[in-house]
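First residue of the sequence shown? That's 78 in the working numbering, and the numbers climb one at a time after it. In what follows, a structure is listed as structure tokens, so that the remarks can point back to it.
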Amino acid sequence: MTGYNYDAFSPDNYNLASADGPEVGDKAPDFDLETHEGQACRLLDFEGECLVLELGSMTCPLFLTRQDSMEQIAQDFPNCSHAILYVREAHPGAEIPAHKTLEDKRSCASLLKTELDDPRTVLVDGVEGAAHLAYGSMPNAIYIIDREGTVRFKAPWNNAKTTRKALEAILAGKPATMKSYFKPAKPWVVMRTAKRAGKGSGKDFVHGLPRLIWNVLIKNNIRTFLK
Numbered sequence: 078m079t080g081y082n083y084d085a086f087s088p089d090n091y092n093l094a095s096a097d098g099p100e101v102g103d104k105a106p107d108f109d110l111e112t113h114e115g116q117a118c119r120l121l122d123f124e125g126e127c128l129v130l131e132l133g134s135m136t137c138p139l140f141l142t143r144q145d146s147m148e149q150i151a152q153d154f155p156n157c158s159h160a161i162l163y164v165r166e167a168h169p170g171a172e173i174p175a176h177k178t179l180e181d182k183r184s185c186a187s188l189l190k191t192e193l194d195d196p197r198t199v200l201v202d203g204v205e206g207a208a209h210l211a212y213g214s215m216p217n218a219i220y221i222i223d224r225e226g227t228v229r230f231k232a233p234w235n236n237a238k239t240t241r242k243a244l245e246a247i248l249a250g251k252p253a254t255m256k257s258y259f260k261p262a263k264p265w266v267v268m269r270t271a272k273r274a275g276k277g278s279g280k281d282f283v284h285g286l287p288r289l290i291w292n293v294l295i296k297n298n299i300r301t302f303l304k
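Structure below.
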């Protein structure tokens with residue numbers, strides 16, 4: 078399979094040189110989505126002072142590395158809504174392959190909810206990922222959106238410590254101007270994720286690792302520092 082739901086990971090599947098999607102101050106795109114249980118909803122129809130929206134999947138070691146910290150943020154800020162937009166599989170394998178149907182995507186989103194027992198709302202868009210593409214198409218981006226539907230904070234790579242600081246600033250009525258540096262996934266989470274995804278996942282990740290280190294860990298953090 079080629080296109081949005083790729084069968085094998087390659088750095089070429091992502092635009093690692095820039096952060097696409099809405100910028101701070103832009104109107105956040107709204108979408109008709111559904112929860113992992115199939116309940117229809119609108120992305121921007123949320124309760125609380127703002128929406129903390131993280132992009133992720135069961136085969137993304139970055140997302141899984143941040144999960145405990147993001148769950149804690151959800152617990153510490155009950156006056157906000159907290160959601161995961163389930164996107165394409167970052168590192169698909171034989172056990173968790175690329176989504177071929179909407180039901181495939183729903184099943185993976187349900188797996189995230191049940192296996193990880195994440196308290197956040199898990200949202201699913203179409204099998205071709207219209208919402209994911211509109212929000213930049215990265216595997217683990219983070220957005221904080223206010224009640225007016227305006228993006229108040231954005232990071233193409235979620236850094237949970239910075240996300241917490243940004244949320245605190247926004248709730249205090251201040252701009253979230255802090256820089257969000259990329260932090261790599263924990264090695265044991267990478268290995269556990271690849272094993273769970275199945276044959277092919279780990280091999281493809283290792284093959285793309287040199288380019289990921291250069292483009293994401295080094296170049297991305299230099300660009301962030303120079304902003």
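Note that the Cβ used here is the ideal one computed from N, Cα and C, for glycine as well. Note that the coordinates shown come from a computational prediction; the quantities given were computed from them, not determined experimentally.
Exercise for the section: Check each candidate in 229, 128 and 270 and name the one with the smallest Cα separation from residue 251. Expected result: For the purposes of this step, residue 251 is taken as the residue at position 174 of the sequence shown. Considering only alpha carbons, the answer is 229.
Practice task
With residue 185 as the anchor, note down where its beta strand (DSSP E) starts and where it stops.
Solution key: Translated into the one-based positions of the sequence shown, residue 185 becomes position 108. Premise fails: residue 185 lies in the alpha helix (DSSP H), 179-193, not in any beta strand (DSSP E).
Problem - Three or more C-beta pairs below 8 Å linking the segment 97-109 and the segment 206-225 - result: Touching, yes, given that three or more Cβ pairs across the two stretches are closer than 8 Å.
Exercise for the section: With residue 231 as the anchor, note down where its alpha helix (DSSP H) starts and where it stops. Expected result: Along the sequence shown, read from residue 1 onward, the residue named residue 231 stands at position 154. Per DSSP, residue 231 lies in no alpha helix (DSSP H) segment; the continuous beta strand (DSSP E) that holds it begins and ends at 228-232.
Exercise for the section: Using 10 angstroms around the beta-carbon of residue 234, count the other beta-carbons present and answer buried if the total reaches 16, otherwise exposed. Expected result: To locate residue 234, count along the sequence shown from 1; it is residue 157. The residue is buried, with at least 16 neighbouring Cβ atoms inside 10 Å.
Problem - residue 285: first and last residue of the uninterrupted alpha helix (DSSP H) it sits in - result: The residue labelled residue 285 in the question sits at position 208 within the sequence shown. Per DSSP, residue 285 belongs to the alpha helix (DSSP H) from 278-289.
Exercise for the section: Look at the Cβ atom of residue 222, then the Cβ atom of residue 198, and state whether they are nearer than 9 Å. Expected result: As a working note, residue 222 is residue 145 in the sequence shown. As a working note, residue 198 is residue 121 in the sequence shown. At least 9 Å separates the beta-carbon of residue 222 from that of residue 198.
Problem - Limits of the unbroken beta strand (DSSP E) element including residue 119 - result: As a working note, residue 119 is residue 42 in the sequence shown. For residue 119, the enclosing beta strand (DSSP E) begins and ends at 117-119.
Practice task
Tell me whether residue 244 sits in a helix, a strand or coil according to DSSP, three-state version.
Solution key: Counting from one through the sequence shown, the residue named residue 244 turns up at place 167. In the three-state scheme derived from DSSP, where H, G and I count as helix and E and B as strand, residue 244 is classed as helix.
Practice task
Would you mind sorting residue 117 into buried or exposed? The rule is 16 or more other CB atoms within 10 Å of its CB.
Solution key: Residue numbering aside, residue 117 sits at position 40 when the sequence shown is read from its first letter. Exposed: under 16 other Cβ atoms inside 10 Å.
Exercise for the section: Thinking residue 175 and residue 83 are a contact (beta carbons under 8 Å), I'd like their distance in whole angstroms, please. Expected result: Within the sequence shown, the letter at position 98 stands for residue 175. Within the sequence shown, the letter at position 6 stands for residue 83. About 6 Å separates the beta carbons of residue 175 and residue 83, which is inside the 8 Å limit, making them a contact pair.
Practice task
Using three-state DSSP, classify residue 221 as helix, strand or coil.
Solution key: Walking along the sequence shown from the start, residue 221 turns up at place 144. Here DSSP, grouped into helix, strand and coil, assigns residue 221 to strand.
Handout entry: Counted within 10 angstroms of its Cβ, other Cβ atoms place residue 299 as buried (16 or more) or exposed
Key = The count along the sequence shown starts at 1 and reaches residue 299 at position 222. The residue is exposed, with fewer than 16 neighbouring Cβ atoms inside 10 Å.
Problem - Short CB-CB distance (under 9 Å) between residue 186 and chain D - result: The displayed structure is made up of one protein chain only, and chain D is not part of it.
Problem - For residue 86 and residue 78, the rounded distance between their alpha carbons - result: For the purposes of this step, residue 78 is identified with residue 1 of the sequence shown, where counting begins at 1. For the purposes of this step, residue 86 is identified with residue 9 of the sequence shown, where counting begins at 1. At residue 78 the pLDDT is 44, less than 50, meaning the model places this residue with poor confidence and gives no usable figure here.
Handout entry: For residue 170, the nearest candidate out of 278, 112 and 187 (CA to CA)
Key = Mapped onto the sequence shown, residue 170 falls at position 93. Closest by C-alpha distance to residue 170, out of 278, 112 and 187, is 278.
Exercise for the section: Tell me residue 130's beta-bridge partners as DSSP assigns them. Expected result: Translated into the one-based positions of the sequence shown, residue 130 becomes position 53. Among the bridge pairs identified by DSSP, residue 130 is matched with 160 and 220.
Problem - Inter-residue CB distance, residue 301 and residue 231 (contact presumed, cutoff 8 Å) - result: The residue you call residue 301 lines up with position 224 of the sequence shown. The residue you call residue 231 lines up with position 154 of the sequence shown. For residue 301 against residue 231, the beta-carbon gap comes to about 12 Å, at or over 8 Å, which does not count as contact.
Exercise for the section: Just tell me which of 261, 240, 253 and 215 has its CA closest to the CA of residue 149. Expected result: In the sequence shown, the residue the question calls residue 149 occupies position 72. Proximity to residue 149 across 261, 240, 253 and 215 peaks at 240, based on C-alpha coordinates.
Practice task
Just tell me which of 201, 189, 220 and 125 has its CA closest to the CA of residue 138.
Solution key: Indexing the sequence shown from 1 puts residue 138 at position 61. For the options 201, 189, 220 and 125, the alpha carbon positioned closest to that of residue 138 is the one of 189.
Exercise for the section: Run the CB neighbour count on residue 133, radius 10 Å, all protein chains shown included, and call it buried at 16 or more, exposed below. Expected result: As a working mapping, residue 133 is identified with position 56 in the sequence shown. Residue 133 should be labelled buried.
Problem - Extent of the continuous alpha helix (DSSP H) to which residue 266 belongs - result: Taking the first residue of the sequence shown as position 1, residue 266 is located at position 189. Counting along the chain, the unbroken alpha helix (DSSP H) around residue 266 starts and ends at 264-274.
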